[in-house]
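The next block holds one structure in the form of structure tokens; read it before the comments.
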Amino acid sequence: MVAIIVHGGAGTIKKKERIPKVLNGVREAVLAGWKELKRGSALDAVEEAVKSLEDNPLFNAGTGSVLTLDGRVEMDAAIMRGKTLDAGAVAGIWGVKNPISVARKVMEKTDHVLLSGEGAVKFARLLGFEEYNPVTDERLKQWGELRKKLIEKGETRHWKKLNELITEYPEVLRSTVGAVAFDGEEVVAGTSTGGVFLKMFGRVGDTPIIGGGTYANEVAGASCTGLGEVAIKLALAKSATDFVRLGMNAQAASEAAISLATKYFGRDTMGIIMVDSHGNVGFAKNTKHMSHAFMKNGMNEPEVGV
Ligand code: GLY
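Following numbering that gives the first Met the number 0, the numbering of the sequence shown begins with 0 at its first residue and continues without gaps.
What follows is the structure in structure tokens.
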């Protein structure tokens, strides 16, 4: 039994005309992953699926990443192998096209798990990743509009209120991306994001935190999306795999993880996708939307939803 699931982020999709485009994006990503999965590697499947989403400017990862309060792109990504617990991650990286591929190189070429900021960029260049500008005109425009609203409210220094303010603006999509796959031998999970719009300089979310937003072991894998601080405080991706270890399947564990997020931090905070080592997929959210798509043995077409 093999399976793959991807997400294009949890949040509110305000403009309805966006929905078919987002659904098409997750569909294309899961098919890119499925192609690799049929060749036998969950690791390649997760990397290719996440790359497809990073390259799609609709999503907040790679090209189309959101901007920080001071107008920079600082991207986070992680990948983890369930069989060996090998993991690689980058935090606050800039100037690269596919952070997930840099994270994979951290896992494969170093003794470390997480490289950040300038060090991550330097490592990427040493490994031959070319300079790339992921900022799109649409994100720049949104950044300008949001920042103006904050300045009008005199809130740019009220850092404790940034998340509150951002929930007032549903146009600020938290469209982090992720993929989890099982190739019959191993579960692999990967996640990539530009983080939260108008985040503070240097802020790192849950995505590159192993156990927070990304985790895989021999029983299951998970990729989270939503407000990163919530997933970090609950060690949510790891907790979700613990639920599988205690007997739940991927769907029940996803729902239990999201119940935990809602219990502690309220609704509109979190989404998760999972695959367990029986090839079951799971997904749950407490937000209005979370675009997702999955493929399993016996399916000719992906199942897609939002
Ligand atoms: N979940 C993405 C972030 O908070 O950075």
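Glycine included, each C-beta is placed from N, C-alpha and C at the ideal position.
Exercise for the section: May I ask you to list the residues that DSSP assigns as paired with Phe282? Expected result: Ile272
Exercise for the section: My understanding is that Asp101 touches Phe128, with C-beta atoms under 8 Å, so please give their C-beta distance in whole angstroms. Expected result: According to the sequence provided, residue 101 is Val. The question's Asp does not apply to it. Val101 to Phe128, Cβ: 6 Å. Contact.
Exercise for the section: Compute every distance between the C-beta of Asp205 and the non-hydrogen atoms of ligand 1, then say whether any falls below 6 Å. Expected result: yes
Problem - 7 Å Cβ shell around Ala88 - same chain, five flanking residues per side excluded - result: Ala76, Ala77, Ala102, Val105, Val112, Leu113, Pro207, Ile209
Exercise for the section: Could you spell out where the beta strand (DSSP E) holding Met106 opens and where it closes? Expected result: Met106 -> not in any beta strand (DSSP E); alpha helix (DSSP H) instead, spanning 98-108.
Handout entry: Continuous beta strand (DSSP E) stretch holding Tyr131: start and end
Key = No beta strand (DSSP E) holds Tyr131; DSSP gives it neither H nor E.
Handout entry: Proximity to Arg80 [Cα-Cα], best of Ala215, Ala252, Val25, Ser238
Key = Ala215
Exercise for the section: Starting from Leu139, follow the alpha helix (DSSP H) in both directions and report where the run begins and ends. Expected result: It spans 136-151 - the alpha helix (DSSP H) in which Leu139 sits, taken as one unbroken run.
Handout entry: Val134 versus Thr62: straight-line alpha-carbon distance, rounded
Key = Straight-line Cα distance between these residues: approximately 6 Å.
Handout entry: For Ala188, the nearest candidate out of Ile99, Ser51, Gly204 (CA to CA)
Key = Ile99
Practice task
Tell me where the beta strand (DSSP E) around Gly87 begins and ends.
Solution key: 86-92
Exercise for the section: Verify the contact flag: Gly194, CB atom, against every heavy atom of ligand 1, threshold strictly below 6 Å. Expected result: Gly194 Cβ: within cutoff of ligand 1.
Handout entry: Backbone CA spacing between Ala180 and Ala41 [nearest angstrom]
Key = 5 Å
Practice task
Could you tell me whether any non-hydrogen atom of ligand 1 is closer than 6 Å to the CB of Gly270?
Solution key: Not one heavy atom of ligand 1 falls within 6 Å of the beta-carbon of Gly270.
Practice task
Kindly examine ligand 1 and report whether one of its heavy atoms sits closer than 6 Å to the Cβ of Gly70.
Solution key: Incorrect: Gly70 has no Cβ contact closer than 6 Å to ligand 1.
Handout entry: Residue range of the alpha helix (DSSP H) that includes Gly116
Key = 116-125
Practice task
Measure the beta-carbon distance from Thr11 to Lys287 and round it to whole angstroms, keeping in mind my assumption that it falls under 8 Å.
Solution key: 5 Å
Exercise for the section: Measure how close the beta-carbons of Val203 and Ala219 come, nearest whole angstrom, since I'm counting them as under 8 Å. Expected result: About 24 Å; that fails the 8 Å criterion.
Practice task
Using a threshold of 7 Å, state whether the C-beta atoms of Ala256 and Ile272 are closer than that.
Solution key: Taking the C-beta atoms as reference points, Ile272 is found no nearer than 7 Å to Ala256.
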